[in-house]
Each structure stands twice: as structure tokens, then as C-alpha cells.
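Written below as C-alpha cells is the structure these notes are about.
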Amino acid sequence: MEKKKIKILIKLVGVFIILNIVLIVFFTLIQEKKLKVVFLDVGQGDAFLVQTPSGKNILIDGGPDRSIVYKLSKYISSNKKKIDLMILSHPDIDHLTGLIEVLERCQVKTIIYNGVKDNHPYFYEWLRQVKDKNVPVLVVNGKQTIEIEDDVYLDFFWPDQECQGQDFDDDNFYSLVFNLRFKNIKVLFTGDITNKVEEELIASQASLDSDILKVSHHGSKSATSLEFLDIVTPDYAIISVGQDNPFGLPSYRTIFNLKTKGIKVLRTDRIGDIILESNGEHYNFFQ
Ligand SMILES: [Zn+2]
Numbered sequence: 022m023e024k025k026k027i028k029i030l031i032k033l034v035g036v037f038i039i040l041n042i043v044l045i046v047f048f049t050l051i052q053e054k055k056l057k058v059v060f061l062d063v064g065q066g067d068a069f070l071v072q073t074p075s076g077k078n079i080l081i082d083g084g085p086d087r088s089i090v091y092k093l094s095k096y097i098s099s100n101k102k103k104i105d106l107m108i109l110s111h112p113d114i115d116h117l118t119g120l121i122e123v124l125e126r127c128q129v130k131t132i133i134y135n136g137v138k139d140n141h142p143y144f145y146e147w148l149r150q151v152k153d154k155n156v157p158v159l160v161v162n163g164k165q166t167i168e169i170e171d172d173v174y175l176d177f178f179w180p181d182q183e184c185q186g187q188d189f190d191d192d193n194f195y196s197l198v199f200n201l202r203f204k205n206i207k208v209l210f211t212g213d214i215t216n217k218v219e220e221e222l223i224a225s226q227a228s229l230d231s232d233i234l235k236v237s238h239h240g241s242k243s244a245t246s247l248e249f250l251d252i253v254t255p256d257y258a259i260i261s262v263g264q265d266n267p268f269g270l271p272s273y274r275t276i277f278n279l280k281t282k283g284i285k286v287l288r289t290d291r292i293g294d295i296i297l298e299s300n301g302e303h304y305n306f307f308q
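When we follow my numbering, the leftmost residue of the sequence shown carries the number 22, and every step to the right adds one.
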């Protein structure tokens with residue numbers, strides 16, 4: 022009798038273990054694939070890492086110094102160090118410098134930039150690395166949509182003119198403006214554009230409507246007009262800005278405009294890295 026009980030008990034335990042394994046496998050299989058965007062705290066500059074549901078890494082700008090690779094190692098396992106797509110919004114040093122280090126230390130598969138030339142040693146160093154590493158470059162000028170993978174797209178809206186090889190006085194004006202689109206969720210990246218660009222974008226009737234806005238030019242008063250916010254209608258605004266920066270950014274006017282429109286503001290100088298996760302229908306922020 023005792024032996025029988027033990028046998029039944031062993032069988033029950035066996036069934037319990039198998040059931041658990043089946044459940045774990047089942048839930049792993051049906052687990053939602055998510056998109057992740059990390060607004061990296063790089064001080065006074067911009068650097069954002071996008072990790073797609075299939076595991077691609079997209080780096081948008083590299084911040085003002087070479088610490089970016091260390092910051093990326095928190096999110097990309099060190100043995101891989103693969104950047105599928107590097108995007109340079111414009112060649113100002115607070116966006117470009119870190120990308121030189123990334124080219125040196127990581128395997129970069131493709132680059133997108135606006136083609137604008139900058140007469141700065143860091144720009145030439147970046148260009149030399151691109152050539153040395155033989156990384157394919159796509160210059161985007163004008164409206165264009167690029168499919169990254171199923172359900173993940175980049176919709177480019179700006180600049181609206183041929184810029185390749187040109188050296189402009191105001192690089193900010195030609196910053197790439199684009200949406201990262203995952204199913205129904207959109208994040209608008211604006212580089213360092215000015216009010217003038219915002220006006221031209223509004224006039225062009227570009228479909229700028231987005232859930233999250235990366236605020237232009239670190240919250241400078243030279244952008245983020247009320248009219249622009251009326252078109253973008255974001256729920257959240259991200260400001261990438263250095264703590265106690267000498268420029269007094271973000272400006273009072275920008276914060277005022279965002280608050281006036283009821284937009285929630287998240288700042289890297291106050292929060293550190295800001296992490297967005299989305300299943301394409303909803304999104305959450307983590308710190
Ligand atoms: Zn900047």
C-alpha cells in the first residue's frame with residue numbers, strides 16, 4: 022500500500038513538472054515581441070538606441086564624447102557589439118563625436134545621414150572611419166520610408182533638399198527629421214531643427230502626428246513652437262540635455278509650451294537613461 026502511494030506521488034510530481042515545462046515553453050512562444058528605445062543620458066548631446074522586436078540595434082547620434090560605448094554596453098551584450106544601423110542627424114559634435122568611437126569598437130552594418138559636410142576635425146575622423154571600415158552609407162534627403170523589418174519603419178520628412186557634400190553655416194537647419202514607427206506607435210526624432218524648419222514641415226503637410234516627441238535642440242527656445250506641437254500632438258516629450266549645462270537648456274519657453282499643451286516631459290538630466298518599451302499598441306516608460 023505504501024509503495025503504491027509513493028508510485029502515485031512520483032507520477033503526480035512527474036506530471037506536475039511536465040505541465041510546468043509545457044506552460045513555460047507556451048508562454049515563451051506567445052510572449053509579445055517588443056520595441057525598445059533608450060534615450061541615453063549622455064550629458065549635453067543626443068544619443069538614442071533603438072532595439073527592434075527581432076533584435077536589431079539602431080543608434081541615432083552618439084553624444085558629445087567617447088563614453089557612448091560604455092553606455093551602450095548596458096543594453097548590448099559585449100561579445101556582439103553589433104549596430105545594424107547608425108543614424109547621424111547632423112554633424113554637430115554633440116551628436117557626432119561618440120559615433121567615431123562606435124565605429125572603432127563596434128561592427129556597424131549601415132549608416133544613414135543627411136550628407137552635410139562639416140569643417141571640423143571630428144567630422145573628418147568620422148568620415149575616415151566610415152571609409153576605413155567600408156560601411157555602406159545611405160544619404161537621405163527628402164521624404165522617404167525605410168522598412169527596418171516587419172512593422173518597423175523609419176519615415177523621413179526632412180531635409181527637403183539635396184545636401185550631399187555641402188557645408189552650411191547652420192547645420193541644425195538640415196537635421197534629419199523622422200518618425201520611428203512600430204505598428205500604431207510613433208516616436209518623432211527632430212535633431213536640432215529650428216522654428217523655421219517646423220514652419221516648413223507644417224506647410225508641407227507631413228504626417229508628423231506622433232505619440233512621443235524627441236524635443237529639438239535639447240529644449241532650446243529656437244524650436245518646439247505651439248503650432249508645431251499642435252501638429253505632432255505627442256503625449257510625452259523627451260528632452261536630452263546635460264545637467265547644469267552652460268546654455269541654460271532646456272529653455273523656459275519650451276517647457277512652457279509643452280506644459281501648455283498638456284504634454285508630459287521627461288528629461289535625461291533629471292532621470293538619467295529613459296527607456297521606452299512598446300508592443301506597437303501601448304507603451305511604457307522605465308528608468
Ligand atoms: Zn545638439
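Don't be surprised by glycine CBs; every beta carbon is placed ideally from N, CA and C.
Have a look at the DSSP bridge pairing and note the partners of residue i.
| i | result |
| --- | --- |
| residue 134 | 109 and 160 |
| residue 94 | DSSP output for residue 94 lists no bridge partner at all. |
| residue 235 | 259 |
| residue 99 | DSSP, once it has assigned bridges, lists no residue as partnering residue 99. |
| residue 200 | 176 and 209 |
| residue 287 | 259 |
| residue 166 | 176 |
Near residue i, what residues of its chain come up, given a Cβ to Cβ distance below 6 Å and the 5 sequence neighbours on each side ignored?
| i | result |
| --- | --- |
| residue 266 | 65 |
| residue 26 | none |
| residue 305 | 298 |
| residue 69 | 60 and 81 |
Name the two residues that bound the continuous beta strand (DSSP E) containing residue i.
| i | result |
| --- | --- |
| residue 68 | From DSSP, residue 68 is part of no beta strand (DSSP E); its letter is neither H nor E. |
| residue 245 | No beta strand (DSSP E) contains residue 245, which DSSP labels as neither H nor E. |
| residue 176 | 173-179 |
| residue 297 | 295-299 |
| residue 306 | 304-307 |
Start and end of the alpha helix (DSSP H) containing residue i?
| i | result |
| --- | --- |
| residue 53 | It is not in any alpha helix (DSSP H) - residue 53 carries neither H nor E in the DSSP assignment. |
| residue 115 | 114-126 |
| residue 277 | 273-281 |
| residue 222 | 216-224 |
| residue 183 | Counting along the chain, residue 183 falls outside any alpha helix (DSSP H), and DSSP gives it neither H nor E. |
| residue 148 | 142-153 |
Excluding sequence positions up to five away, which residues of its chain have a Cβ less than 7 Å from the Cβ of residue i?
| i | result |
| --- | --- |
| residue 161 | 133, 135, 177 and 197 |
| residue 292 | 308 |
| residue 97 | 78 |
| residue 249 | 219 and 223 |
If I measure Cβ to Cβ from residue i and keep anything under 8 Å in the same chain, skipping five residues before and after, which residues do I get?
| i | result |
| --- | --- |
| residue 151 | 124, 132 and 158 |
*Please confirm if the segment 203-210 is in contact with the segment 182-190, defined as three or more CB-CB distances below 8 Å between the two stretches.*
no
*At least three beta-carbon pairs within less than 8 Å, the segment 253-264 to the segment 229-237*: yes
_With three or more C-beta pairs closer than 8 Å as the rule, is the segment 114-134 touching the segment 82-98?_
yes
*Quick one, what's near ligand 1 if you take every residue whose CB is closer than 5 Å to any heavy atom, in chain order?*
115 and 213
*Spell out a yes or no on whether the segment 69-80 and the segment 26-40 are touching, meaning 3 or more CB-CB pairs, one atom from each, closer than 8 Å.*
no
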